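Here's the structure we're looking at; comments come further down.
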Amino acid sequence: QNLRVAVVGAGMMGADHVRRITAKISNADVVAVVEPDEARARAAADLAPGAVTAASFDEALDATDIDAVIIATPGFLHEPILVTALERGLTVLCEKPLTTSAEDSLRIVELEQQHAARPVIQVGFMRRFDAGYQELRALRESGAHGALLALHHAHRNPTTPPNFSESMLIHDSVIHEIDIIPFLTGEPIVAVEVKKPRKNSLAPADLPEPQFVLFTTESGTMAIVEINVNAQFGYQVTTDAVFESGVAYIGRDTSATVVAAGATGQGVTPSFKERFGAAYDEEVQRWVDAARTGGIDGPSAWDGYTASVVAEVAVRAQQSGALESVEYAVAKPAFYETAGETAG
Ligand code: ISE
């Protein structure tokens with residue numbers, strides 16, 4: 160029997176997941192779209208034959224049988240849906256961030272251990288499923304070019320949606336690097352500092368960006384992130400890894416290079432949907448396959464929690480301008496010790 164999935168939130172990402180599950184993913188059907196905006200709910204449900212629409216998650220649970228849920232609402236609305244899903248024994252794919260505070264994320268991690276025998280919440284850190292990031296991680300693990308010394312990350316979006324605040328630069332955008340830096344280095348982040356160069360006049364008046372966010376990991380590897388989300392030209396996410404005897408970079412070649420009319424050029428992806436399309440497909444198929452037997456196959460709520468801790472410190476660093484150190488309140492519980500190449 161196919162996995163019966165509810166998608167909560169029918170914005171850009173939620174609607175994309177409805178389309179993906181219906182058109183590309185095997186062994187799963189979208190049976191409910193939960194979205195208070197009726198027109199949006201209908202538009203997304205029309206992509207999935209037979210799916211019901213509901214204004215709330217509880218309404219959807221009353222209306223139809225649901226095995227698993229994809230949470231794609233704005234981050235600050237994730238927590239109550241996670242709690243309901245845990246109480247109902249559902250498996251979850253929760254878009255990032257897990258929650259928008261370390262305290263709330265820790266509560267989810269504790270609740271998951273009370274309600275489930277093994278991890279049932281996967282966090283939507285899709286970069287772990289991207290071939291480029293997997294290659295960089297394998298290079299570091301192989302030791303072929305010595306130790307990994309530094310990472311340069313560029314994270315550029317064309318524009319921001321309305322009401323995108325300074326802390327959302329961290330919780331919504333840099334959260335991806337906060338997850339991928341430990342994935343690449345194999346080490347936790349221990350310190351964060353933020354520097355703010357000259358403001359882009361094309362960014363909203365109350366959004367001081369671009370910003371440089373500098374992370375240090377346990378052994379002293381440093382990762383600099385240029386977060387630059389009103390860059391106008393398109394969507395670009397690149398990473399350069401500096402090893403002792405070589406460098407490796409990913410994310411520049413997202414299309415063929417065309418030489419014509421006296422110039423050489425390459426396309427730029429318009430949004431994360433295209434840049435990470437293959438990664439999302441891989442992430443969702445593997446989650447579906449694992450969820451059919453009640454598990455997950457990717458970053459867990461623990462990874463969501465540690466990212467929340469670092470994000471909170473990074474928001475503090477935005478305000479203080481100082482080097483802020485990261486303390487984790489609890490050690491990783493044995494419950495989260497899973498194998499698997501995309502696990503934490
Ligand atoms: C958005 O929510 C994402 O998750 C994208 O991957 C990221 O690039 C963007 O900055 C976020 O707003």
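Note that the sequence shown covers residues 160 to 503 in my numbering. Positions of the beta carbon are idealized from the N, C-alpha and C atoms, including for glycine. Just so it is clear, the structure is predicted and the values come from calculations on it, not from any experiment.
Best match in the options for proximity to residue i [C-alpha to C-alpha]
i, options, result
"Asn105", "Asn316, Gly302, Ile267", "Residue numbering for the chain in the displayed model covers 160 to 503; residue 105 lies beyond these limits and cannot be assessed."
"Thr423", "Ser430, Ser414, Phe431, Pro429", "Ser414"
"Gln444", "Thr416, Gly248, Lys183, Pro347", "Lys183"
"Glu197", "Gly248, Ser185, Ala362, Gly170", "Gly170"
"Ser467", "Asp338, Val353, Glu442", "Asp338"
"Ala390", "Glu403, Val427, Gly405, Pro195", "Val427"
"Val251", "Ser332, Phe288, Ala261, Val167", "Val167"
"Ser260", "Ala481, Ile180, Glu403, Thr465", "Thr465"
"Glu271", "Arg201, Pro341, Leu245, Asn161", "Leu245"
"Phe342", "Pro356, Asp226, Gly454, Ser459", "Ser459"
"Ala364", "Phe371, Glu325, Glu262", "Glu325"
"Ser332", "Phe371, Val401, Ile180", "Phe371"
"Ile329", "Leu162, Ala276, Arg475", "Arg475"
"Arg199", "Asp188, Ala213, Leu308", "Ala213"
"Val177", "Val401, Pro195, Asp205, Asn161", "Asp205"
"Gly283", "Val190, Glu336, Ser404", "Glu336"
"Val279", "Ala290, Ile267, Met285, Ala350", "Ile267"
"Ile334", "Lys355, Lys354, His312", "His312"
"Phe216", "Arg299, Val485, Glu238, Ala290", "Glu238"
"Val353", "Ser360, Ile229, Glu346, Pro367", "Pro367"
Residue i, buried or exposed, once every other Cβ within 10 Å from all chains shown has been counted against 16
i, result
"Asn322", "exposed"
"Thr452", "exposed"
"Phe431", "buried"
"Lys255", "buried"
"Gly463", "buried"
"Ala203", "buried"
"Phe392", "exposed"
"Ala174", "buried"
"Thr416", "exposed"
"Arg247", "exposed"
"Val418", "exposed"
"Pro369", "buried"
"Pro429", "exposed"
"Glu377", "exposed"
"Gly105", "Beyond the ends of the chain as shown, which are 160 and 503, falls residue 105; an answer cannot be given."
"Ser264", "buried"
"Val489", "exposed"
"Thr318", "exposed"
"Ala303", "exposed"
"Phe235", "exposed"
"Ile379", "In the sequence as displayed, the identity of residue 379 is Gly instead of Ile. When all chains shown are included, Gly379 counts as exposed."
"Ala297", "exposed"
"Val472", "buried"
"Arg411", "exposed"
"Ala420", "exposed"
Residue(s) in a DSSP beta bridge with residue i
i, result
"Ile229", "Val166, Leu252"
"Tyr408", "Asp399"
"Leu373", "Glu352, Ile383"
"Glu368", "The partner list for Glu368 (beta bridge, DSSP) is empty, contrary to what the question assumes."
"Val192", "Val166, Thr212"
"Gln281", "Leu252, Ser459"
"Gln493", "Residue 493 is actually Ala in this sequence, not Gln. DSSP lists no partner for Ala493."
"Glu483", "Val351"
"Ala187", "Leu162"
Chain E within 9 Å of residue i, Cβ atoms only
i, result
"Ala222", "The structure shown contains no chain E, having only a single protein chain."
Check: residue i C-beta below 8 Å from any heavy atom of the ligand ATP
i, result
"Ala165", "As far as ligands go, the structure on display features the ligand ISE and does not contain the ligand ATP."
Hey, which unbroken runs of the beta strand (DSSP E) at 3 residues or more fall wholly within the stretch 295-346? 307-315
Shell residues, 5 Å Cβ cut-off relative to heavy atoms of the ligand ISE: Asn316, Asp331, Ser332, Phe431
Going along the chain, which unbroken runs of the beta strand (DSSP E) with 3 or more residues stay wholly within the stretch 413-448? Within the stretch 413-448, the complete beta strand (DSSP E) runs of at least 3 residues fall at 416-419, 422-425.
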